[in-house]
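Notes follow the structure.
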Amino acid sequence: MTPEENNDHKTTRRGFLELTLGWTTATAAVAASSAAAVRFLMPNVLYEPSARFKAGKPDEFADGSITFLDAERVFLLRKGNTFRCLSAVCTHLGCTVNETKTGYHCPCHGSVFDEQGKNVSGPAPKPLSWFLVTLSPDGRIVIDKNQVVPADKYLVI
Ligand code: FES
1 MTPEENNDHK TTRRGFLELT LGWTTATAAV AASSAAAVRF LMPNVLYEPS ARFKAGKPDE
61 FADGSITFLD AERVFLLRKG NTFRCLSAVC THLGCTVNET KTGYHCPCHG SVFDEQGKNV
121 SGPAPKPLSW FLVTLSPDGR IVIDKNQVVP ADKYLVI
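For the sequence shown, the working numbering gives the first residue as 1, with consecutive numbering after it.
This is how it looks when you write it as structure tokens:
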């Protein structure tokens with residue numbers, strides 16, 4: 001083999017290695033961008049229960065009652081023909097508060113809220129939230145935990 005032939009052989013091997021590296025890099029780039037495109041097509045959604053739900057018909061709740069809706073962690077209060085909804089989630093670290101004779105009490109760190117949900121003692125930094133209560137066309141009470149309202153906003157039926 002002449003040195004010139006040997007040199008051609010080295011060039012061919014280098015070319016092969018460069019070609020292999022090029023194709024490998026190109027394939028990896030296409031695979032990465034394809035994976036990104038497929039991920040882009042998938043919805044970026046959390047499948048959580050809706051914050052808006054129906055609580056039942058008004059006559060299912062007695063006048064003067066405070067009903068704890070366990071699954072939703074809210075209290076539904078009826079007074080005469082008015083309805084309000086109070087969050088049962090403590091504003092300190094999110095424990096569920098209990099109803100007491102004078103308001104609400106958090107069993108975790110002892111925060112106390114009055115009957116309007118105002119924090120009166122303990123580490124809770126702010127009052128419990130009141131949520132919007134409406135009536136659906138089929139006559140059921142609808143609570144929307146996405147809409148915080150003032151304590152004096154009622155649904156009147
Ligand atoms: S979570 Fe309610 S007082 Fe801490």
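Beta carbons are placed, not taken as given, at the ideal position from N, Cα and C, and that holds for glycine.
Label residue i either buried or exposed according to how many other C-beta atoms from any shown protein chain fall within 10 Å of its C-beta, with 16 as the threshold for buried.
| i | result |
| --- | --- |
| residue 18 | exposed |
| residue 88 | buried |
| residue 23 | exposed |
| residue 100 | exposed |
| residue 39 | exposed |
| residue 1 | For residue 1, the predicted structure reports a pLDDT of 49, less than 50, and the residue's modelled location is therefore unreliable. A value from the coordinates is still provided. Exposed: under 16 other Cβ atoms inside 10 Å. |
| residue 91 | buried |
| residue 139 | exposed |
| residue 45 | exposed |
| residue 14 | exposed |
| residue 16 | exposed |
Across which residues does DSSP place residue i in a beta bridge pair?
| i | result |
| --- | --- |
| residue 118 | Answer is none; residue 118 lacks a bridge partner. |
| residue 48 | According to DSSP, residue 48 bridges with nothing at all. |
| residue 131 | 85, 148 |
| residue 142 | 54, 134 |
| residue 69 | 74 |
| residue 105 | 98, 112 |
| residue 17 | In the DSSP output, where bridge partners are listed per residue, residue 17 has none listed. |
| residue 155 | 83 |
Compare the Cα-Cα distances from residue i to each of the options and report the closest residue.
| i | options | result |
| --- | --- | --- |
| residue 69 | 93, 45, 97, 82 | 97 |
| residue 64 | 75, 71, 55 | 75 |
| residue 152 | 126, 86, 57, 53 | 86 |
| residue 127 | 140, 136, 73, 111 | 111 |
| residue 78 | 94, 71, 60 | 60 |
| residue 125 | 108, 93, 104, 107 | 93 |
| residue 58 | 81, 103, 71, 36 | 81 |
| residue 131 | 72, 43, 46 | 72 |
| residue 197 | 157, 36, 67, 43 | Limits of the chain in this structure are 1 at one end and 157 at the other, which puts residue 197 out of reach. |
| residue 95 | 108, 102, 121, 12 | 108 |
| residue 134 | 34, 123, 41, 83 | 83 |
| residue 157 | 37, 141, 150 | 141 |
Just checking residue i against the ligand ADP - is the residue's beta carbon closer than 7 Å to any of the ligand's heavy atoms?
| i | result |
| --- | --- |
| residue 85 | As for the ligand ADP, it is missing from this structure, which binds only the ligand FES. |
Is it true that the stretch 24 to 43 meets the stretch 111 to 121, where meeting means three or more beta-carbon pairs spaced less than 8 Å apart? Of all C-beta pairs linking the stretch 24 to 43 to the stretch 111 to 121, fewer than three are shorter than 8 Å, placing the two stretches out of contact.
Quick check: the stretch 47 to 60 against the stretch 136 to 147, are at least 3 beta-carbon pairs closer than 8 Å? yes
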